[in-house]
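Numbering-wise (UniProt numbering), the sequence shown opens with residue 1 and increments by one. All residues carry an ideal CB built from backbone N, CA and C; glycine is no exception.
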Amino acid sequence: QPERITFGLKLDQSKPIYNAFKAMKESPDWATLSDARKRIVESSIKDAVLSGISLEDDEREEFNKIQQELAKLSKTFGENVLDATKKFEKLITDKKEIEGLPATALGLAAQIATSKGHENATAENGPWMITLDGPSFMSVMQHAKNRALREEIYRAYVTRASSGDLDNTPVIEQILKLRLAKAKLLGYNNYAELSMATKMATVDKAEELLEKLRSASWNAAVQDMEELKQFARSQGAPEADELAHWDISFWSERLRESKYEINEEELRPYFSLPKVMDGLFNLVKMLFDIDVVPADGLAPVWNSDVQFYCIKDSTGAPISYFYFDPYSRPSEKRGGAWMGEVFARTRVFSNDKTSVRLPVAHMVCNQMPPVGDKPSLMTFREVETVFHEFGHALQHMLTKQDEGLVAGIRGIEWDAVELPSQFMENWCYHRDTLMSIAKHYETGECLPEDIYQKLLAARTFRAGTMSLRQLKFATLDLELHSKYVPGGPESIYDVDQRVGKRTQLLPPLPEDRFLCGFSHIFAGGYAAGYYSYKWAEVLSADAFSAFEDAGLNDDKALRDTGYRFRDTVLALGGGKDPLEVFIEFRGREPSPEPLLRHNGLLQTTP
C-alpha cells in the first residue's frame, strides 16, 4: 500500500500535467471550450491542488507523510474492528436462552459453532454460537426473548475495539489530528471544508439540512417511543416503562409483526425475477422512451447465468449495452449488489463506423438461483435493490456526454451520485408498476390489495426514529471534522454524548464506544461525507415529486417528465454542475419537503 500511495501522489502532483491544465485555463481559447471540457480542466486543477501540488517543498513533504500515515491508520482502524468483532464468541447450550430466534438465525448460530470446532452442532439441538457479526448480532437484538442476553450482546457490540491492543481511541485521535493538519496545510479551516471542496454541498448547507431534518424527525421519534412503550406494556413486558437500548429492536420487530404481518419470505412467490425485470424494462420504456432487448450471444460472458442486453432508442438504434449477473455464487462472488462500468461513452475511440464508443455497464446481484421449473424468487427488499442498481446503470448508459472523463457516472460529485438510484426505488411503491411485477409465479394472481397497503405503510414505520439514527451519524461526523479540537478540553466521546443529546431519545450509555467501530468515516470514504446519504435522499425524493406533481396515473404527463429527467439528470453526466442539472430538471433548487412527506414527517415539523 505505501508504494501505491507514493505512486498516486507522484501522479497527482505531476507538474507537467498540472501546468498543461493551467495553460489551457489561461489561454485565449478557454472561452471556446464546451462546459464539459471546462469542468474536466477545472476539476483536474482542483484535484491537483488538493493533492498538495501548490505546496512548497518542505510542506509538500509533510503533506505526503500525512497521506501515508492516514492510509496506515485507516487500515489499522479497520483491522482492529475486524479483530475485535472476531474475538467475541458466546456459546449457548440451553435452547431456552435463545428462545425467539427464527430457524434461519438458529441455523446460522449452529453453523458458526460448527466452524469453531463444535462439529455436531445443529440448528435444532445446538450448541449455538453468537458473534458480533451483523447477521448474528441483529438476530439476537430483534428476536431473542432473553433480555439479559440482548443486554450482554449489545454492550459487547457498542464497546468493540475500545480496549487493550485493539483500542481504536488513539487511532481516531491521530486520524482527526492529521486530517486537520492536512486541511490547514491546504488553506482550509478544518477537514470538513476540505471534504466539501469536491462536493455539491457546503458545510453550512449540510448542517442546515441536517438540522431541518432533525427538528422534523424529533416529535415523530418521541411518538414512536411512546407507541413502543404502550405496545410492550400491552404484551406484559416488565421493562415497558424503562426501555433500554437492547429492548428497542426487539419490541420494534414485535410491533412491526403485529401491525403489518408482512413476512418477507411469504412474499417471494409474487416476485419472480423474470417478471420483475419485465416490469422494470416496461417502466423505463414508458418513462425514457428506450427499449431494453436481450442480446445474448453478442458478447462473451463469464458464466452461463449472465445475460447480455442492448438498449435502443426510439429509432431502434443501439445506445448502450449491459451485462446482468443475477444469481448468488458464494465461491466466486462477493455478497450484495452493485453496478459498474465496463466502458464509458467516449468519442476518443470513434472510428469510421461510429462517432462514439457506446457505454457498457455490468449489474451484479445475489438472488436465489432458480430451482428446476421454479424461477428465482425475490424478497421485496431485493426488488428495491434491483431498481436501485438499475438507476445507477441508466445514468451510465443514457449519457449523451461524449467526453469520456465526465460521461455517465464519471465526474459526478459524491453527494449527488445516488440521485438516480434512489429515485428508481420510489417506483417500487407506485401502484401500476408494482402490480405489473407482483404476480404469483404459479397462479398468476396479483399481489392482494391489503398487502400492497401494508407495504406502503411499512415504508414509514418508525420513520422518525430511523431518520434520527442517520442524522446522529451524519451530525457526529461533521462535528468531529469541523468543531472538535484534537487534544482540546472535549474528548471524542464528549462530542458523541453532546450530539447524542440532540439526536437520540435514549442517550448513549456512558461506556458507549460506537465511534471505535464507525468504519464509514475512519476506514471508508465517508469522512465529513456521511451527510451525503441524506443529501441524496432529498434530491431523489424531490426528483420523484416532479412525477407526483405531473400525476402518477397520467401516462402522457409521466412520459413528458421522464423525457426531461432523461435529458438532464441521466444525460448530462459529470459534464455540468449537479445543482445546475437539478435546477434544469426541477425548475428550482432542491427542497427537503418531499422527503419529509414521503417519510410521513411533514406534519410533525415544530
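(1) Can you give me the C-alpha to C-alpha distance between Met225 and Ala216, rounded to a whole angstrom?
(2) Please report the straight-line C-alpha distance between Asp560 and Phe387, rounded to a whole angstrom.
(3) Any heavy atom of the ligand MG inside 7 Å of the beta-carbon of Ser272?
(4) Using the C-alpha atoms, what's the distance from Ser482 back to Pro7?
(5) Ordered along the chain, which non-local residues of its own chain (more than five positions away) have a Cβ less than 6 Å from that of Thr605?
(6) So residue 608 packs on Gly164, CB below 8 Å; how close in whole Å?
(7) State the DSSP-derived secondary structure class of Tyr321, mapped to helix, strand or coil.
(8) Please classify Tyr323 as buried or exposed, where buried requires at least 16 neighbouring CB atoms within 10 angstroms.
(9) What number of angstroms, rounded off, separates the C-alpha of Val364 from the C-alpha of Asp494?
(10) Report the three-state DSSP secondary structure of Pro606 (helix, strand or coil).
(11) Cutting at 7 Å between CB atoms, please list the residues of its own chain near Val292, excluding the five before and the five after it.
(12) Asp133 and Thr85 - do their beta-carbons sit closer together than 8 Å?
(13) Can you tell which of Thr385, Arg254 and Glu193 has its C-alpha closest to the C-alpha of Arg233?
(14) Identify, in the order they occur along the chain, each residue of the same chain with its Cβ nearer than 7 Å to the Cβ of Phe137, setting aside the five sequence neighbours on each side.
(15) Give the range of the beta strand (DSSP E) segment to which Trp338 is assigned.
(16) Secondary structure at Trp128, three-state DSSP: helix, strand or coil?
(17) Drop a sphere of 10 angstroms on the beta-carbon of Tyr441, count the other beta-carbons inside from all chains shown, and report buried for 16 or more, exposed for fewer.
(18) Just the Cα atoms here: how many angstroms apart are Glu266 and Glu449?
(19) Out of curiosity, what's the CA-to-CA distance linking Ala181 and Glu511?
(20) Can you tell me where the alpha helix (DSSP H) holding His392 begins and where it ends?
(21) Once the 5 residues before and after Ser44 are set aside, which same chain residues still bring their CB inside 6 Å of it?
(22) Output the distance between the C-alpha atoms of Gly52 and Asp12, rounded to the nearest integer angstrom.
(23) Is the Cβ-Cβ distance between residue 607 and Leu468 less than 8 Å?
(24) Under a three-way DSSP split, which group does Thr315 fall into?
(25) Starting from the Cα of Asp204, find the closest Cα among Tyr531, Asp554 and Arg588 and give me that residue.
(26) Rounded to whole angstroms, what is the Cα-Cα separation between Asn263 and Asp373?
(27) Hey, Ala528 and Arg586 are a contact pair by Cβ (cut 8 Å); roughly how many whole angstroms apart?
(28) So the alpha helix (DSSP H) residue 618 belongs to, where does it begin and stop?
(29) On the CB-based measure, 16 or more other CB atoms within 10 Å of its CB, does Asp83 come out buried or exposed?
(30) To the nearest angstrom, how far is it from the Cα of Leu539 to the Cα of Asp432?
(31) What distance in whole Å lies between the Cβ atoms of Gly404 and Arg345, which are believed to be in contact at a cut-off of 8 Å?
(32) Taking buried to mean at least 16 other C-beta atoms within 10 Å of its own C-beta, is Glu341 buried or exposed?
(33) Give me, in chain order, the residues of the same chain whose beta-carbon lies closer than 7 Å to that of Glu382; leave out the 5 immediate sequence neighbours on both sides.
(34) Return the CA-CA distance between Gly411 and Ala109, expressed in angstroms with no decimal places.
Looking at the atomic coordinates:
(1) Translated into positions along the sequence shown, residue 225 becomes position 225. Translated into positions along the sequence shown, residue 216 becomes position 216. Each residue's alpha carbon lies about 16 Å from the other.
(2) Along the sequence shown, one-based indexing puts residue 560 at 560. Along the sequence shown, one-based indexing puts residue 387 at 387. Distance between the alpha carbons of Asp560 and Phe387 is about 21 Å.
(3) Among the components of this structure there are no ligands whatsoever, and the ligand MG is therefore not found.
(4) Locating residue 7 in the sequence shown gives position 7, counting from the first residue. Locating residue 482 in the sequence shown gives position 482, counting from the first residue. Reading the sequence as shown, one finds Phe at residue 7 and not Pro. In a straight line, the C-alpha of Phe7 is about 30 Å away from that of Ser482.
(5) Looking up residue 605 in the sequence shown gives position 605. Confidence at Thr605 is low in this model, with a pLDDT of 40, below 50, so the placement of that residue should be treated as unreliable; the coordinate-derived value is given next. Here the set comprises Ala216.
(6) Residue coverage of the chain in this structure runs from 1 to 606, which leaves residue 608 outside it and unanswerable.
(7) For this step, residue 321 is matched to residue 321 along the sequence shown. Strand at Tyr321.
(8) As a position in the sequence shown, residue 323 is number 323, starting the count at 1. Tyr323 should be labelled buried.
(9) Within the sequence shown, residue 364 is the residue found at index 364, counting from 1. Within the sequence shown, residue 494 is the residue found at index 494, counting from 1. In a straight line, the C-alpha of Val364 is about 42 Å away from that of Asp494.
(10) Within the sequence shown, residue 606 is the residue found at index 606, counting from 1. Bear in mind that a pLDDT of 41 at Pro606, under 50, signals an unreliable position, so the number given afterwards is only what the model happens to contain. Coil at Pro606, not helix or strand.
(11) In the sequence shown, the residue the question calls residue 292 occupies position 292. Result list for Val292: Phe281, Val284, Tyr309 and Ile311, in chain order.
(12) In the sequence shown, counting from the first residue as 1, residue 85 sits at position 85. In the sequence shown, counting from the first residue as 1, residue 133 sits at position 133. Taking 8 Å as the Cβ cut-off, Thr85 and Asp133 qualify as a contacting pair.
(13) Position 233 of the sequence shown, counted from the first residue, corresponds to residue 233. That would be Arg254, whose Cα lies nearest to the Cα of Arg233.
(14) If you number the sequence shown from 1, residue 137 lands on position 137. Cβ within range, chain order: Ile153 and Tyr157.
(15) Here residue 338 is taken as the residue at index 338 of the sequence shown, counted from 1. Run containing Trp338: Trp338 to Phe343, per the beta strand (DSSP E) assignment.
(16) Locating residue 128 in the sequence shown gives position 128, counting from the first residue. Trp128: strand per DSSP, three-state reduction.
(17) If you number the sequence shown from 1, residue 441 lands on position 441. Result: buried.
(18) If you number the sequence shown from 1, residue 266 lands on position 266. If you number the sequence shown from 1, residue 449 lands on position 449. In a straight line, the C-alpha of Glu266 is about 15 Å away from that of Glu449.
(19) Reading the sequence shown from its first residue, position 181 is the one you call residue 181. Reading the sequence shown from its first residue, position 511 is the one you call residue 511. Roughly 29 Å separates the two Cα atoms.
(20) By one-based count along the sequence shown, residue 392 stands at place 392. It spans Phe380 to Met397 - the alpha helix (DSSP H) in which His392 sits, taken as one unbroken run.
(21) The count along the sequence shown starts at 1 and reaches residue 44 at position 44. Excluding sequence neighbours, Ser44 sits near Phe21.
(22) Indexing the sequence shown from 1 puts residue 52 at position 52. Indexing the sequence shown from 1 puts residue 12 at position 12. C-alpha separation (whole angstroms): 8 Å.
(23) Only positions 1 to 606 of the chain appear in the structure, and residue 607 is not among them; the question remains open.
(24) Walking along the sequence shown from the start, residue 315 turns up at place 315. DSSP places Thr315 in coil when its eight states are reduced to three.
(25) Residue 204 sits at position 204 when you count from the first residue of the sequence shown. Checking every option, the nearest Cα to that of Asp204 belongs to Tyr531.
(26) Numbered from its first residue, the sequence shown carries residue 263 at position 263. Numbered from its first residue, the sequence shown carries residue 373 at position 373. Approximately 24 Å between the Cα atoms of the pair.
(27) Taking the first residue of the sequence shown as 1, we reach residue 528 at position 528. Taking the first residue of the sequence shown as 1, we reach residue 586 at position 586. Incorrect: roughly 27 Å between the Cβ atoms, too far for contact.
(28) Beyond the ends of the chain as shown, which are 1 and 606, falls residue 618; an answer cannot be given.
(29) Here residue 83 refers to the residue found at position 83 when the sequence shown is read from its first residue. The residue in question, Asp83, is exposed, as its Cβ has fewer than 16 Cβ neighbours within 10 Å.
(30) Counted from its first residue, the sequence shown places residue 539 at position 539. Counted from its first residue, the sequence shown places residue 432 at position 432. Going from the Cα of Leu539 to the Cα of Asp432 covers about 23 Å.
(31) Looking up residue 345 in the sequence shown gives position 345. Looking up residue 404 in the sequence shown gives position 404. Confirmed, Cβ separation roughly 7 Å.
(32) Taking the sequence shown and counting its residues from 1, one reaches residue 341 at position 341. Buried is the call here.
(33) Numbered from 1 along the sequence shown, position 382 holds the residue referred to as residue 382. Result list for Glu382: Gln367, in chain order.
(34) Numbered from 1 along the sequence shown, position 411 holds the residue referred to as residue 411. Numbered from 1 along the sequence shown, position 109 holds the residue referred to as residue 109. Approximately 44 Å, taken between the alpha carbons.
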